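Contents: one structure, followed by commentary.
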Amino acid sequence: MIAIIIVLSLVLILLVFNYCMNQGNSKYINLMPGPPVRFIIGNTWDFLGSRKEQWNYFVNYSKEYYPTFKVRQFYYNAVVSCHPDDFEIILNNTKHIDKSFFYKVLEPWLQTGLLTSGGAKWHLRRKILTPTFHFNILQQFVENLIEEGENMTKSLQNEGESVVKDLVPFFSEYTLNAICETAMGVSLQSFDIFQQRQYREAIHRMGELFIYRISRPWLYYDWIFSFTPTGREQRKILKILHGFTKQVIAERKLYHEQTNDRYLRGTDTFAKYDDTELTGIRRKRLAMLDLLIAASREGLMTDLDIAEEVDTFMFEGHDTTAMGLCFTLALLAEHKDIQDRVRNEIDAAVQKNGEKFSMKLLQDLPYLERCIKEALRLYPSVFVISRILGDNVKLRMYWINFFFS
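Per my numbering, the sequence shown starts with residue 271, numbered consecutively.
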């Protein structure tokens with residue numbers, strides 16, 4: 271009991287000390303508008319409710335204090351801007367590429383991959399990963415993406431007259447299948463039902479734990495979080511996620527050893543080989559993971575580095591795509607005239623190219639493409655990004671010298 275009191279006292283002293291220190295370092299931020307703050311805890315109380323309540327607070331603050339306002343969580347100060355000109359000022363300056371403490375909450379899972387890293391490491395990883403998006407590589411997976419789309423529509427048809435109330439988890443099942451194939455080069459369907467369900471549930475739960483933790487600043491400290499029930503749950507989930515990734519990487523490296531690294535020599539020729547190995551080993555579609563393995567052969571990456579990027583793309587790829595689908599379909603449902611025009615374009619493309627969907631058919635859908643891009647502009651899948659300032663900066667209306675979100 272005495273030990274607990276001592277620990278809590280030390281934490282309280284640390285919070286008060288940091289609060290007082292940051293008050294002096296945030297003279298510019300204090301001049302900005304923002305919701306009223308409570309002593310020490312700031313606006314933390316506002317964000318402890320459900321995800322819907324958190325969202326409502328965020329939206330209401332954005333409207334009331336538009337375009338720029340401040341919020342404080344304990345001793346963390348944040349400046350929130352909703353204006354694109356401010357984004358341009360921050361994102362065009364290489365001094366401001368370091369990610370904020372929000373991203374550190376993801377590090378137990380993603381370590382320091384492309385999403386969470388900064389500086390020289392971020393530049394190197396981006397350079398290594400850029401060839402992954404080469405047209406020849408992406409084209410290989412069109413067939414797989416179309417297949418997942420067909421599986422999704424069949425599942426909707428099987429629902430019959432019932433209504434799918436929440437499309438996000440429904441879409442996520444199929445976008446996760448697709449990103450597994452494109453990022454890892456494996457199909458989730460190749461694993462047993464238990465392992466599939468375990469991995470899906472682990473990814474979903476990690477997303478929930480991320481939101482839970484970033485809304486509670488006292489859990490930013492790893493040593494505090496590790497003693498909580500949520501921290502212990504996260505350790506179990508990470509064991510599942512990291513174990514799955516390690517298994518896939520090991521199997522993929524073994525495949526390339528069996529084929530003498532034939533398919534790691536030159537990404538431009540990936541699509542030119544026959545589908546079956548001369549050795550009798552069926553050729554697999556090459557994915558982002560293969561590019562990372564090729565980089566490791568040149569000494570540019572370790573197995574841990576590879577795992578970081580695979581986990582990062584698994585996290586970033588499936589949920590964002592599912593959200594993009596939801597917003598696009600919601601807008602099409604709301605605007606019947608646009609929906610009819612899209613349907614007519616698809617019917618014409620199918621009639622021109624035949625019943626089978628292909629890359630060529632997709633290229634005949636420019637209006638649908640513009641609708642998707644407009645949906646992403648109006649409702650971006652990732653609506654918040656966060657940066658730590660590398661220097662004082664002048665936004666449209668205010669100077670800031672501490673933290674930008």
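Virtual Cβ for every residue (Gly too), placed ideally from N, Cα, C. Please read these numbers as outputs of a predicted model, since none were measured by experiment.
Problem - DSSP bridge partner residues for Tyr-346 (one or two, in chain order) - result: Gln-343
Problem - Backbone CA spacing between Ile-608 and Ala-645 [nearest angstrom] - result: Distance between the alpha carbons of Ile-608 and Ala-645 is about 12 Å.
Problem - Own chain residues within Cβ distance below 7 Å of Met-667, not counting five before or after - result: Thr-338
Practice task
Check whether the Cβ of Glu-625 sits closer than 7 Å to any heavy atom of the ligand GTP, and report yes or no.
Solution key: This structure lacks the ligand GTP; in fact it carries no ligand of any kind.
Exercise for the section: Quick one: residues in its chain with C-beta nearer than 7 Å to the C-beta of Asn-421, no 5 flanking neighbours on either side, listed in chain order? Expected result: Contacts found: Tyr-444.
Handout entry: Beta-carbon proximity of Leu-399 to Leu-415, cut-off 8 Å
Key = No, these two residues do not count as a Cβ contact at 8 Å.
Practice task
State the beta-bridge partners of Lys-747 as determined by DSSP.
Solution key: The requested residue 747 does not occur in the structure, where the chain is confined to residues 271 to 675.
Problem - Gly-660 versus Phe-372: straight-line alpha-carbon distance, rounded - result: 17 Å
Problem - Classification of Leu-458 by the beta-carbon crowding that lies within 10 angstroms, buried from 16 upward - result: Around the CB of Leu-458, 16 or more other CB atoms lie within 10 Å, so the residue is classed as buried.
Problem - Cβ neighbour criterion (16 or more within 10 Å) applied to Ile-551 - result: For Ile-551, the predicted model reports a pLDDT of 45, less than 50, meaning its position is unreliable; a value from the coordinates is still stated below. By the neighbour-count rule (16 or more Cβ atoms within 10 Å), Ile-551 is not buried but exposed.
Practice task
Excluding the 5 residues preceding and the 5 following Leu-479 in the sequence, name in chain order all residues of the same chain whose CB lies nearer than 8 Å to its CB.
Solution key: Hits under 8 Å: Thr-500, Glu-503, Gln-504, Ile-507.
Practice task
Output yes or no for whether 8 Å exceeds the beta carbon distance between Ile-670 and Ser-370.
Solution key: no
Problem - Proximity winner among Cys-352, Thr-515, Arg-308, relative to Phe-328 (alpha-carbon distances) - result: The option with the nearest alpha carbon to Phe-328 is Cys-352.
Practice task
Consult DSSP for Gly-419 and reduce its assignment to one of helix, strand or coil.
Solution key: helix
Exercise for the section: Less than 8 Å between the CB atoms is what I'm expecting for Asp-581 and Leu-511, so what's the real figure, rounded? Expected result: Asp-581 to Leu-511, Cβ: 7 Å. Contact.
Practice task
Give me the Cα-Cα distance between Asp-368 and Tyr-335, rounded to the nearest whole angstrom.
Solution key: 26 Å
Practice task
Rounded to whole angstroms, what's the CA-CA distance from Thr-423 to Arg-467? Just pull it up for me.
Solution key: 21 Å
Handout entry: Ala-472, buried or exposed, once every other Cβ within 10 Å from all chains shown has been counted against 16
Key = Ala-472 should be labelled buried.
Practice task
Out of Gly-513, Phe-514, Asp-560, Thr-515, point me to the one whose CA is closest to Thr-529's CA.
Solution key: Taking only the C-alpha atoms, the option nearest Thr-529 is Asp-560.
Practice task
Pick out whichever of Tyr-649, Leu-601, Asp-492, Arg-567 has its Cα sitting closest to the Cα of Thr-590.
Solution key: Tyr-649
Handout entry: Gln-343 classed as buried or exposed, judged by whether at least 16 other C-beta atoms fall within 10 angstroms
Key = Only buried fits Gln-343, as 16 or more other CB atoms lie within 10 angstroms of its CB.
Handout entry: Own chain, CB closer than 7 Å to Asp-355, minus 5 neighbours either side, in chain order
Key = Cβ neighbours of Asp-355 beyond the five flanking positions: Arg-666.
Exercise for the section: Give a yes or no on whether the C-beta atoms belonging to Leu-534 and Ala-557 are separated by under 8 Å. Expected result: no
Exercise for the section: Report yes or no: do three or more beta-carbon pairs, one from the segment 375-383 and one from the segment 359-366, lie closer than 8 Å? Expected result: no
Exercise for the section: Round the Cβ separation of Trp-680 and Arg-308 to the nearest angstrom and send it over; I've been treating them as touching at under 8 Å. Expected result: No information on residue 680 is available, as it lies outside the stretch 271 to 675 that the chain covers here.
Exercise for the section: Output the distance between the C-alpha atoms of Ile-616 and Leu-635, rounded to the nearest integer angstrom. Expected result: 7 Å
Problem - Residue environment, Leu-574, which counts as buried when at least 16 other CB atoms sit within 10 Å - result: exposed
Handout entry: Residue from Val-412, Phe-597, Val-663 whose Cα sits closest to the Cα of Leu-632
Key = For Leu-632, the nearest C-alpha among the options comes from Val-412.
Exercise for the section: Please list, in chain order, all residues of the same chain as Ile-359 whose beta carbon is under 7 Å from its beta carbon, the five residues on each side excluded. Expected result: The residues Val-663, Leu-665, in chain order, have a CB closer than 7 Å to that of Ile-359 in the same chain once the five nearest residues on each side in sequence are set aside.
Exercise for the section: Work out the CA separation of His-588 and Val-612 for me, nearest whole Å. Expected result: About 24 Å.
Practice task
Indicate the three-state DSSP secondary structure (helix, strand or coil) for Lys-542 in the structure shown.
Solution key: Low confidence applies here, because Lys-542 scores a pLDDT of 46, under 50, leaving its location unreliable; read the following figure in that light. Helix at Lys-542.
Practice task
Kindly list the residues whose CB is nearer than 7 Å to the CB of Pro-303, restricted to its own chain and excluding five residues on each side of it in sequence; keep chain order.
Solution key: Answer for Pro-303: Tyr-335, Phe-339, listed in chain order.
Exercise for the section: Could you tell me the distance, in whole angstroms, from the CA atom of Phe-683 to the CA atom of Leu-301? Expected result: What is shown of the chain runs 271 to 675, which leaves residue 683 out entirely.
Problem - Where the alpha helix (DSSP H) containing Leu-561 begins and where it ends - result: Taken as a continuous stretch (DSSP letters only), the alpha helix (DSSP H) holding Leu-561 covers 558-567.
Handout entry: Cβ neighbour criterion (16 or more within 10 Å) applied to Pro-439
Key = Exposed: under 16 other Cβ atoms inside 10 Å.
Handout entry: Three-state class that DSSP yields for Gly-383 in the structure shown
Key = coil
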